[in-house]
Amino acid sequence: MQNMRIAIIGAGPAGCMLARLLHLGGIQATVFEGETSASIRSQGGSLDLHTESGLAAIKEAGLWDVFLSHARYDGQYLAVVDKDLHYYIVRNADAASNIAFGERPEIDRVKLREILLDSLPEDTVKWGHRLQRVDGTTLTFTNGTTADFDLVVGADGAFSKVRLSIAPELKPEFTGVGMHDLSIPDAEKTAPEIYKLVNRGSLFASADHQRFTLQQMGDGSISMGFSFVREDPDWMKPDKCGYDCEDLAQVKKALAKEMEHWGPVFHKALDAAQGRTLTRSLFRLPVGAKWEHKPGVTLIGDAAHLMTPHAGEGVNQALEDAMILARVILKAQSAEELDDGIRQFESDMMARVEKIQQLAWDRCQGLLFTTNVTEYIVGKWMQQRKIRMAEQLDEGQVKAMDEAMAKAQAEANARNKA
Numbered sequence: 001m002q003n004m005r006i007a008i009i010g011a012g013p014a015g016c017m018l019a020r021l022l023h024l025g026g027i028q029a030t031v032f033e034g035e036t037s038a039s040i041r042s043q044g045g046s047l048d049l050h051t052e053s054g055l056a057a058i059k060e061a062g063l064w065d066v067f068l069s070h071a072r073y074d075g076q077y078l079a080v081v082d083k084d085l086h087y088y089i090v091r092n093a094d095a096a097s098n099i100a101f102g103e104r105p106e107i108d109r110v111k112l113r114e115i116l117l118d119s120l121p122e123d124t125v126k127w128g129h130r131l132q133r134v135d136g137t138t139l140t141f142t143n144g145t146t147a148d149f150d151l152v153v154g155a156d157g158a159f160s161k162v163r164l165s166i167a168p169e170l171k172p173e174f175t176g177v178g179m180h181d182l183s184i185p186d187a188e189k190t191a192p193e194i195y196k197l198v199n200r201g202s203l204f205a206s207a208d209h210q211r212f213t214l215q216q217m218g219d220g221s222i223s224m225g226f227s228f229v230r231e232d233p234d235w236m237k238p239d240k241c242g243y244d245c246e247d248l249a250q251v252k253k254a255l256a257k258e259m260e261h262w263g264p265v266f267h268k269a270l271d272a273a274q275g276r277t278l279t280r281s282l283f284r285l286p287v288g289a290k291w292e293h294k295p296g297v298t299l300i301g302d303a304a305h306l307m308t309p310h311a312g313e314g315v316n317q318a319l320e321d322a323m324i325l326a327r328v329i330l331k332a333q334s335a336e337e338l339d340d341g342i343r344q345f346e347s348d349m350m351a352r353v354e355k356i357q358q359l360a361w362d363r364c365q366g367l368l369f370t371t372n373v374t375e376y377i378v379g380k381w382m383q384q385r386k387i388r389m390a391e392q393l394d395e396g397q398v399k400a401m402d403e404a405m406a407k408a409q410a411e412a413n414a415r416n417k418a
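According to full-length UniProt numbering, the sequence shown holds residues 1 to 418 in order.
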């Protein structure tokens with residue numbers, strides 16, 4: 001079905017990956033994106049791609065070599081600490097740690113999107129086409145244009161217009177978590193103590209109902225995030241929070257007060273923040289969310305299974321969705337075969353992702369809604385990881401994983417004594 005007219009809504013990682021894989025198979029899809037260019041807004045922090053999902057899709061898309069030229073294998077370092085910088089887990093960037101935690105090279109989200117966009121033929125992405133509504137497989141955009149397609153794929157994120165057209169009952173729910181995102185530019189020079197602490201990887205710190213994250217970025221900056229519990233999804237409005245969330249000085253002052261019980265090193269990190277600050281609320285779709293299949297329309301990525309970032313699975317599952325859906329489309333020899341294939345794809349995707357959604361939600365609750373978060377980190381968080389990894393390993397690998405995890409905890413204990 002080489003002449004199939006396929007519209008992909010959203011030029012994020014999932015949409016671009018699907019377009020790339022279809023292009024390799026001889027089908028030229030059209031990607032519609034509401035933003036006017038790829039650089040119109042910040043594309044987030046650093047991502048770790050997983051062997052069986054994100055990395056598998058990169059390889060299938062023929063982008064492994066270019067990915068390797070930008071990936072940071074030394075960025076696999078991970079430290080889990082509390083507000084006083086007491087270490088609980090230290091995962092080094094070595095072979096033994098790969099057994100316990102999986103091989104998860106880091107790449108900046110903006111660089112991943114750039115790689116995918118550059119792999120597409122010119123004019124594949126139609127910028128400045130914000131979707132207004134979907135009627136069957138007819139698309140209407142806010143610029144007044146309309147277009148008809150054989151298949152519409154919604155890769156349009158958390159508040160998907162495509163999802164609204166086929167499952168209006170599935171609405172994102174506020175998780176009760178708000179976030180400020182900040183940045184330390186050229187951290188090795190501007191904040192050497194913080195740069196050394198992050199060790200070219202990531203540091204995740206927790207206190208009751210609060211979380212502080214530091215992640216090395218490919219451009220030398222460190223991405224910083226502070227999350228906390230809030231009741232109102234619009235908490236960031238000045239009349240509700242009491243400050244201007246777009247004013248860095250006001251945000252830093254408010255966070256310093258919020259973090260008054262945190263250790264000195266985290267205040268040093270906050271002081272070093274420069275440039276823009278972004279503010280957001282975290283939303284999710286209900287775990288196990290399902291919709292009735294509609295011929296000619298389907299969903300992938302956050303549009304299908306929005307989850308919190310606490311399992312590091314959002315983009316990985318989105319890329320896996322794109323990889324599997326591309327196989328279904330390329331295999332189909334008729335419209336009936338395509339519809340049957342997509343129906344099965346949706347069923348399989350829902351089953352695959354449900355337990356991952358649950359894991360992400362469990363971790364979100366454990367890290368931000370637990371009164372003794374350190375006990376959660378040491379106990380349940382590690383046990384969840386072991387169970388998740390053990391599902392993919394044989395007996396010998398499980399033994400090696402146990403040894404590597406014990407090493408990660410021993411490394412943490414050694415740092416606490418130093």
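For each residue, glycine too, the CB sits at the ideal point set by N, CA and C.
Between the alpha carbons of I73 and I27, how many angstroms are there, rounded? Checking the sequence, you will find Tyr at residue 73 rather than Ile. Using only the alpha carbons, I get a separation of about 34 Å.
Would F32 and K126 qualify as a contact pair, given that the criterion is a beta-carbon distance under 8 Å? Against a cut-off of 8 Å, the Cβ pair of K126 and F32 comes out as a contact.
State yes or no: is the C-beta of S165 within less than 8 Å of the C-beta of R133? With respect to R133, S165 sits close: the two C-beta atoms are nearer than 8 Å.
Compute the beta-carbon to beta-carbon distance between residue 423 and F204, rounded to the nearest angstrom, for a pair I have assumed lies under 8 Å. The chain is shown only over 1 to 418; residue 423 falls outside these bounds and no answer can be derived.
Would you call the CB atoms of G218 and D108 closer than 8 Å? Using a Cβ distance threshold of 8 Å, G218 and D108 count as a contacting pair.
Could you work out which residue in D362, R200, L282, D232 is closest to E106 when comparing CA atoms only? The residue from D362, R200, L282, D232 with its alpha-carbon nearest to that of E106 is R200.
Between W291 and chain B, is there a C-beta pair that is closer than 8 Å? Absent from the structure: chain B. Only one protein chain is present.
Which of the three DSSP states, helix, strand or coil, is assigned to G157? G157 falls in the coil class under three-state DSSP.
For the beta strand (DSSP E) that R91 lies in, which residues bound it at each end? Counting along the chain, R91 sits inside the beta strand (DSSP E) bounded by residues 87-91.
Keeping to the same chain, check which residues put their C-beta closer than 8 Å to that of D271; ignore five residues upstream and five downstream. Excluding positions up to five away in sequence, the list reads K252.
Quickly, what does DSSP pair K171 with across the bridge? List them, please. In the DSSP output, where bridge partners are listed per residue, K171 has none listed.
Is it buried or exposed for S221, if we count other Cβ within 10 angstroms and need 16 for buried? By the 10 Å Cβ count, S221 comes out buried.
Go through its chain and collect everything with a Cβ distance to L306's Cβ below 7 Å, but skip five positions before and after it. Within the same chain, L306 has close Cβ partners A158, P172, F283, R284, L285.
Reduced DSSP secondary structure (H/G/I, E/B, other) of T213: T213 falls in the strand class under three-state DSSP.
Please name the residue, chosen from V315, A410, V153, T371, that lies closest to I9 on a Cα-to-Cα basis. Of the listed residues, the one whose Cα sits closest to I9 is V153.
Between the segment 183-193 and the segment 241-258, can you find at least three pairs of beta-carbon atoms closer than 8 Å? In short, these stretches do not touch, since the Cβ pair count stays below three.
Between R300 and L325, which are expected to be in contact by the criterion C-beta below 8 Å, what is the C-beta distance as a whole number of angstroms? It should be pointed out that residue 300 corresponds to Ile in this sequence rather than to Arg. The C-beta distance from I300 to L325 rounds to 6 Å, short enough to fall under 8 Å.
Just grab the DSSP bridge partners of F141 for me. Answer by DSSP bridge pairing, in chain order: L131.
Can you tell me which of G178, P264, G263, E114 puts its alpha carbon nearest to the alpha carbon of M236? Ranking G178, P264, G263, E114 by Cα distance to M236 puts G178 first.
Check the DSSP bridge columns for I9 and list the partner residues they point to. Bridge partners of I9: F32, G154.
Closest residue to A14 among R343, H209, G54, K417 (Cα-Cα distance): Distances from the CA of A14 to each of R343, H209, G54, K417 were compared; the closest alpha carbon is that of G54.
Rounded to a whole number of angstroms, what is the C-alpha to C-alpha distance between G136 and D148? When rounded, the distance between both Cα atoms is 9 Å.
How long is the line joining the alpha carbons of E354 and A289, rounded to whole angstroms? Roughly 8 Å separates the two Cα atoms.
When every heavy atom of the ligand FAD is checked, does at least one fall within less than 7 Å of the C-beta of I9? This structure lacks the ligand FAD; in fact it carries no ligand of any kind.
DSSP bridge partner residues for L68 (one or two, in chain order): DSSP output for L68 lists no bridge partner at all.
I need the DSSP call for L120, collapsed to helix, strand or coil. L120: coil per DSSP, three-state reduction.
Extent of the continuous alpha helix (DSSP H) run through S347: In the DSSP annotation of this structure, the continuous segment of the alpha helix (DSSP H) that includes S347 starts and ends at 335-368.
Assuming M1 contacts Q333 under a Cβ cut-off of 8 Å, what Cβ separation, rounded to an integer in Å, is found between them? Here M1 really is in contact with Q333; their C-beta atoms are around 7 Å apart, less than 8 Å.
Cα-Cα separation, D48 to T30: Rounded to the nearest angstrom, the two C-alpha atoms are 28 Å apart.
Is the distance from the Cβ of E52 to the Cβ of L21 below 8 Å? The answer is no: Cβ separation not under 8 Å.
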